[in-house]
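What follows is a single structure, written as C-alpha cells, with notes after it.
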Amino acid sequence: MNDATHAAGAPAPPCLSCHAITKRFQGQRVLDQVGFTLAHGQMLGLIGPGGAGKSLLLKILCGLVRPDAGQVRLEGQDLTRASETQWQQQRQSIGMVFQNYALFDFMNVADNIALPLRMLGVAEGEVQERVDDILAKVSLRGVQEKMPNELSGGMKKRVSFARAVVRRPPILLYDDPTAGLDPVTSAKIWELLRDMQRQGTTAITVSHDLGGIRHLCDQWLLLDRGRIVFSGDSEALFASHDPFVLDFWSREHSHAT
Amino acid sequence: MRPRPAPPHPLWLRPVAAAGERGLQVWSATAGVGRLSWQILRRLLPPRMDARELLRNLYTVGVKSFPIILVTALFVGAIMVIQAGLYVQQYGAEGLLGWGAGFATLREVSPLLIALMFNGRVGAKNTAELGTMKVTEQIDALRALAIDPIDYLVMPRFIAMVFMMSLLVVVGDATALIGGAFTSQLLLGVDMRIFFQSLIDYVALEDFTLGVYKAATFGVAIGITSCHFGLAVSGGAVGVGKAVNNAVVAGAISIFLLNYLVTYLIP
Amino acid sequence: MNATPATTPRRIALGRRPVAALGALCGAVGQPLVLAGSVAADIARVATLCGIYLIRGPRRWREVLYQCLRMGNHSVVFVIWVAASLGMTLVYQSGLQAQRIIGDLSLLGPLYLQLLLREFGPTITALMVATRVGTGIAAEIGSMQVTEQIDALRMSGAHPVAYLIVPRLLAGVLTMLCLTCVSVLVSWVAGLITAQVAFGVSPYTFASLSFIIYGDLILMLLKATAYGLAIPIVAGASGLAAHGGSEGVGWATTQSVVACSLVVLFLDFILSGFGYLFLLR
Chain G
0 MNDATHAAGA PAPPCLSCHA ITKRFQGQRV LDQVGFTLAH GQMLGLIGPG GAGKSLLLKI
60 LCGLVRPDAG QVRLEGQDLT RASETQWQQQ RQSIGMVFQN YALFDFMNVA DNIALPLRML
120 GVAEGEVQER VDDILAKVSL RGVQEKMPNE LSGGMKKRVS FARAVVRRPP ILLYDDPTAG
180 LDPVTSAKIW ELLRDMQRQG TTAITVSHDL GGIRHLCDQW LLLDRGRIVF SGDSEALFAS
240 HDPFVLDFWS REHSHAT
Chain B
0 MRPRPAPPHP LWLRPVAAAG ERGLQVWSAT AGVGRLSWQI LRRLLPPRMD ARELLRNLYT
60 VGVKSFPIIL VTALFVGAIM VIQAGLYVQQ YGAEGLLGWG AGFATLREVS PLLIALMFNG
120 RVGAKNTAEL GTMKVTEQID ALRALAIDPI DYLVMPRFIA MVFMMSLLVV VGDATALIGG
180 AFTSQLLLGV DMRIFFQSLI DYVALEDFTL GVYKAATFGV AIGITSCHFG LAVSGGAVGV
240 GKAVNNAVVA GAISIFLLNY LVTYLIP
Chain F
0 MNATPATTPR RIALGRRPVA ALGALCGAVG QPLVLAGSVA ADIARVATLC GIYLIRGPRR
60 WREVLYQCLR MGNHSVVFVI WVAASLGMTL VYQSGLQAQR IIGDLSLLGP LYLQLLLREF
120 GPTITALMVA TRVGTGIAAE IGSMQVTEQI DALRMSGAHP VAYLIVPRLL AGVLTMLCLT
180 CVSVLVSWVA GLITAQVAFG VSPYTFASLS FIIYGDLILM LLKATAYGLA IPIVAGASGL
240 AAHGGSEGVG WATTQSVVAC SLVVLFLDFI LSGFGYLFLL R
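What follows is the structure in C-alpha cells.
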C-alpha cells in the first residue's frame, strides 16, 4: 500500500508522521487536530505551556494510548488501527525516555537496562556486554547492582536513557529529559541527545528548557491547549512575528537563563 | 530479577532479625491503635464532632456500601443453605433446614462476612482517603488552622461506621434469609414455607441480637484500625497502598479476635 | 467524586422535579451497575489474556517460585491465626447448641470436619489471602501503573499481563492449595482442643474420619484452585486500572479487596451448588 510511492525517483516516506490527531478526556479536548511530518535524522521540538497534551502525543506515537481520531504513520505504514501485538513489533524500533524515569523499582540498574534485550532473546553474555557498554557511554560505571531508589535524579535520568537506547532504535522519544535537573546535569543530558542525533536517529523532544533544545531541533511544533499554534523549521520559528510565539519564547527563555 | 540486597547480618541471625522487625511493626501498630482508641473514647463523652461531616460520612459509608453488602448477604444466605442442605439430606430432616442455616447465619456467618466485606470496602477506602490527605499534607493544614484532625476527621467516620455496620447487618440478615429461602426452594426443593416455619420455630431473638452486638463491635474495630493506619501513612503513593494493605489485614485480625471474645462472653 | 447536587434555579418548571428525581434514582441504581460492569469487563479481559499467555508464553518458573514464597511468607501467620480463632469459635458455638438441643456431642468432630473441608477451610482462607496478598498485588501493580512503569514495560517489549500477572497466577494456585491445607489442619486442631477443654469431648471421639468422602476432598481442592486463580486475576486487573497518583493506588487497592471478596463468594456459591448436585450425594 505504501510501497507504491517507492517507485524510482519518488521521495522516501517520512520516518514519522501523524495527521489530525484528536483525543478527548472527560469531554475536554486535550489534543485537537494535531499533525506533523518528520523526515529521517531530524529532531522535532514539541513545546508549549502546560504539559498534558505534549506527553500524550508522544504516547500516541508509540501506541501506548489510542487517539479518538487521526492517523499515525511509521515509515509510511499506517499504525492507527494496529493491535497491541503489532505495536510490540514496531516498538523494537522506538525508544522512549519517560518524564518520571519509570524505572522498574523491583529490579536493579543492570536488569532495568537488560530487560529490552532479554525480551528480544539476546544471549546472556552479549546482554551483559551491551549493558556495561551503554552505562559507560552515559558515564555511569559501577552502578549495575544499585536499586533505582538509591540513585540521584540525574543518574536515574541517565539509566532511563540507557534503557531506551540499548536496543539502538532508529526513533527516540524524549519526554522532558531535563525536568528537575540542575544545569550541569542538564547539559550532560543534552550532550547525550546530540550524540544520538549525530548517529542519525530521528527524535522528538518535549521540553521546557528552550535554551537547551534551541540548537538541537530541526523542526518545531508549538501547542497551546491541544491546538497547533506554530509548525515549521527553526528558521521559520525565529523569524516568526506571531505574538503568542514571541511571548512564549521570551517568557520560557528568560526562565531558563 | 533480584530482591533487595540483604542487610549485613550473619546468616543465622537473619530469621531472628526478620521476626524481630515484624514484632516491632505489630507492636507499633497495636500501640497506635490503642492510643487512637483512647483519644476517641475521650471525645465520646461529651460527644464533640462536626455534625455536617457526620452526615456526609453516614451517607458515604452507609448508602454507598449498601449494594455490595446486599449482594454479599444474598450469597451468604445461599451458601449456608446449600451447606445445611447437605446435612439435611443425610438425615432427612427437611424441617430443620431453616434452623440449621438460619442459626449459623445470624449468629456467626452473616456478621462475620459482612464485617469482612465492610472492612474491605469502607475500611480500605477510609484508610486510602486519610492516607492521601496525610501524604498531601492536608492533615498538617488542618492543624495549622487550629482544627483537631481527630475531632474533624476521625470521630464522624468512627460513629458513622459503628452505626452503619449495625444497620447493615440487620438488613443483611434479612437479605441472607431471603436468599437462603430462594436457594432452598429452587436448588434443594424444600418449600419456602417450611424453611421460614423452621426459622420461626427454632431461631430465637437472642441469636439475632448477638449478631447485631457483634456487628457494632466489628464496626468499632474497623473504624479504629482504618483511621489509625490512614493517619500513620508515610512515603507517597506506595505508602498509601501499603497502609491500605496493613489496615485491611489488621481489621480482619481484630474482627476474628473480637468474634471469639464476643461469642465467649455472651453465650 | 462525591458530586454535590447543583442548586436548581427558581425558574424550574414544576414538572421537571419528578423527572430529575427519577433521573437521580436511575443514576443511583444504574451507576453501581455500570461500575460493576466495567470492572467485570476488565477482569474478563485480563483473564482471557492470562489464559492466552499461560498456554503460549515463556514461563518464568524462578519468578513463580519467588512469588510463591512471598505470598506464603506474607500470609501464613495471618491464615494460621484466623484459622485457629475461627476453629475455636465454631466448635464452641456448635457445641453449645448441640448440648442444648440434642445433648449428644459425639458427632461434633466428624460433622465439623466435613463443614471445614467443604466450606470454611477454603473460603475463609481465600478471603484472608484476598485481603493480604490481593491488596499487595493491586498495590504493587497499581503503583507501577501510576508511575508509568507499565508503559515502560510495554516499550521494552514485555506484555504487562504476561510479565507480571501470569507468574502471580501460578504462584497463587500453588500457595492457595498449600495454605488451605494448613488452614484446615490448624482449624481442626483448634476445634479439637476447644472440644476437649470446653466440653470434655475426647480427642478420639472428635477425630473420627467416618463421615469424610472423596467428594469432600475434591471439593476443597477445587475451591482452593478456583480461588487461587481468581485472586491474582482480579487484583491484577484492579491494579492495571489505577490512574492518578497516590489516590489512584488507594482506589485500586480498595476495589481489589471488594472485587476479590465478591468473586470468591460467587465462586463459592457456584462450586457449593456444583458439589451439592454432583459430588456429595
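For the record, the sequence lines run as chains G, B and F.
Under numbering that gives the first Met the number 0, read the first sequence as residues 0 to 256, first letter to last.
Under numbering that gives the first Met the number 0, read the second sequence as residues 0 to 266, first letter to last.
Under numbering that gives the first Met the number 0, read the third sequence as residues 0 to 280, first letter to last.
For glycine and all other residues, C-beta sits at the position ideal for the given N, C-alpha and C.
If you're wondering where the values come from, they're calculated on a predicted model, not measured in any experiment.
Contacts of residue i in chain G (Cβ-Cβ under 7 angstroms)
i                     : result
residue 147 (chain F) : 97, 99 and 101
Nearest residue (CA-CA) to residue i, options the options
i                     : options                      : result
residue 150 (chain F) : G:59, G:138 and G:218        : G:59
residue 214 (chain B) : B:200, B:254 and B:229       : B:254
residue 114 (chain F) : F:61, F:184 and F:99         : F:184
residue 274 (chain F) : F:242, F:220 and F:214       : F:214
residue 209 (chain G) : G:163, G:45 and G:184        : G:45
residue 168 (chain B) : B:109, B:238 and B:183       : B:109
residue 24 (chain G)  : G:234, G:192, G:213 and G:64 : G:64
residue 268 (chain F) : F:121, F:109, F:17 and F:56  : F:121
residue 141 (chain G) : G:169, G:174 and G:107       : G:107
residue 228 (chain F) : F:116, F:133 and F:97        : F:133
Interface flag, residue i vs chain F, CB-CB below 9 angstroms
i                     : result
residue 17 (chain G)  : no
residue 86 (chain B)  : yes
residue 115 (chain G) : yes
residue 93 (chain G)  : yes
residue 238 (chain G) : no
residue 143 (chain G) : no
residue 198 (chain B) : no
residue 15 (chain B)  : no
residue 263 (chain B) : yes
residue 213 (chain G) : no
residue 58 (chain G)  : yes
CB contact check: residue i to chain B, cutoff 9 angstroms
i                     : result
residue 114 (chain F) : yes
residue 152 (chain F) : no
residue 10 (chain F)  : Note on residue 10 (chain F): pLDDT 47, under 50, position unreliable in the model; the coordinate value appears next. No, residue 10 (chain F) lies away from the interface with chain B (no Cβ there is under 9 angstroms from its Cβ).
residue 271 (chain F) : yes
residue 52 (chain F)  : no
residue 5 (chain F)   : Legend: pLDDT at residue 5 (chain F) = 43, less than 50; position of this residue unreliable, value from coordinates given subsequently. No - not a single Cβ of chain B is within 9 angstroms of the one on residue 5 (chain F).
residue 277 (chain F) : no
residue 89 (chain F)  : yes
residue 187 (chain F) : no
Neighbouring residues, chain F, relative to residue i (Cβ below 9 angstroms)
i                     : result
residue 93 (chain B)  : Those within 9 angstroms of residue 93 (chain B) in chain F number zero; the least Cβ separation is about 15 angstroms.
residue 90 (chain G)  : 153, 154, 155 and 156
residue 104 (chain B) : Correct list: empty, because the minimum Cβ distance to chain F is about 12 angstroms.
residue 186 (chain B) : 272, 275 and 276
residue 41 (chain G)  : Per Cβ cutoff of 9 angstroms: no residues; residue 41 (chain G) is ~21 angstroms from chain F at best.
Chain B contact residues for residue i, given Cβ-Cβ distances below 7 angstroms
i                     : result
residue 159 (chain F) : Result: empty, since nearest Cβ-Cβ is about 15 angstroms, beyond 7 angstroms.
residue 193 (chain F) : Correct list: empty, because the minimum Cβ distance to chain B is about 10 angstroms.
residue 162 (chain F) : Correct list: empty, because the minimum Cβ distance to chain B is about 10 angstroms.
Interface partners of residue i on chain B, CB under 8 angstroms
i                     : result
residue 267 (chain F) : 74 and 78
Proximity test, Cβ basis, 9 angstroms: residue i and chain G
i                     : result
residue 143 (chain F) : yes
Partners in chain F for residue i, counting only beta-carbon separations shorter than 7 angstroms
i                     : result
residue 66 (chain B)  : 31
residue 124 (chain B) : 253
Contacts of residue i in chain F (Cβ-Cβ under 8 angstroms)
i                     : result
residue 119 (chain G) : 156
residue 61 (chain G)  : 154
What runs of the alpha helix (DSSP H), each 4 residues or longer, lie entirely inside the region 31–77 of chain G? With a minimum length of 4 residues, the continuous alpha helix (DSSP H) runs that stay inside the region 31–77 of chain G are 51–60.
Suppose only complete runs of 4+ residues qualify. What are the alpha helix (DSSP H) ranges in the region 155–206 of chain F, listed by chain order? The qualifying runs are 165–193 and 202–205.
Looking at C-beta atoms only, is the number of pairs between the region 95–113 of chain F and the region 222–242 of chain F that lie closer than 8 angstroms three or more? Cβ pair count under 8 angstroms is below three, so no.
Write down every uninterrupted run of the alpha helix (DSSP H) in the region 73–138 of chain B whose length is 4 residues or greater and which is fully enclosed by it, in chain order. Segments of the alpha helix (DSSP H) lying fully in the region 73–138 of chain B: 96–103, 109–117 and 123–134.
Let me know the beta strand (DSSP E) ranges lying completely inside the region 163–226 of chain G, each 3 residues or longer, listed in chain order. For the beta strand (DSSP E) assignment, the uninterrupted runs of no fewer than 3 residues enclosed by the region 163–226 of chain G are, from N- to C-terminal side, 170–174, 201–205 and 218–223.
Extract the residue ranges of the beta strand (DSSP E) inside the region 63–90 of chain F, only unbroken runs of 3 or more that lie entirely within it. When DSSP assignments are scanned along the region 63–90 of chain F, no uninterrupted stretch of beta strand (DSSP E) that is 3 or more residues long falls wholly within it.
Check whether the region 61–77 of chain B touches the region 107–116 of chain B, counting contact only when three or more Cβ pairs, one atom from each stretch, lie closer than 8 angstroms. Yes, they touch.
Per the contact definition of three or more C-beta pairs closer than 8 angstroms, is the region 121–139 of chain G in contact with the region 172–182 of chain F? When C-beta atoms of the region 172–182 of chain F are compared with those of the region 121–139 of chain G, fewer than three pairs fall below 8 angstroms, so the two segments do not count as touching.
Closer than 8 angstroms is the cut-off here; do at least three beta carbon pairs connect the region 134–142 of chain F with the region 82–99 of chain G? With the cut-off at 8 angstroms, the region 134–142 of chain F and the region 82–99 of chain G do not touch.
Given 8 angstroms, three or more beta-carbon pairs between the region 131–142 of chain B and the region 184–202 of chain B: Segments in contact, no.
Please confirm if the region 230–246 of chain F is in contact with the region 148–168 of chain F, defined as three or more CB-CB distances below 8 angstroms between the two stretches. Contact between the region 230–246 of chain F and the region 148–168 of chain F is present, because at least three Cβ pairs lie under 8 angstroms.
Would you check if there are 3 or more beta carbon pairs closer than 8 angstroms linking the region 59–73 of chain F to the region 246–258 of chain F? Under the Cβ criterion (8 angstroms, minimum of three pairs), the region 59–73 of chain F does not count as touching the region 246–258 of chain F.
Any chance you could list the beta strand (DSSP E) runs of at least 3 consecutive residues sitting entirely within the region 84–135 of chain G, in chain order? The qualifying runs are 93–96.
Contact between the region 170–188 of chain B and the region 73–89 of chain B is defined here as three or more beta-carbon pairs at a separation below 8 angstroms; is this criterion met? Contact between the region 170–188 of chain B and the region 73–89 of chain B is present, because at least three Cβ pairs lie under 8 angstroms.
Should the region 175–191 of chain G be regarded as contacting the region 153–165 of chain G, the criterion being three or more beta carbon pairs within less than 8 angstroms? At 8 angstroms Cβ cutoff, the stretches touch.
Ignoring anything shorter than 3 residues, give me the beta strand (DSSP E) runs that lie fully in the region 171–217 of chain B, in order along the chain. Within the region 171–217 of chain B, not a single complete beta strand (DSSP E) segment reaches 3 residues in length.
So, does the region 196–215 of chain G touch the region 27–43 of chain G, judging by three or more C-beta pairs under 8 angstroms? Taking 8 angstroms as the limit for Cβ pairs, the verdict is that the region 27–43 of chain G does touch the region 196–215 of chain G.
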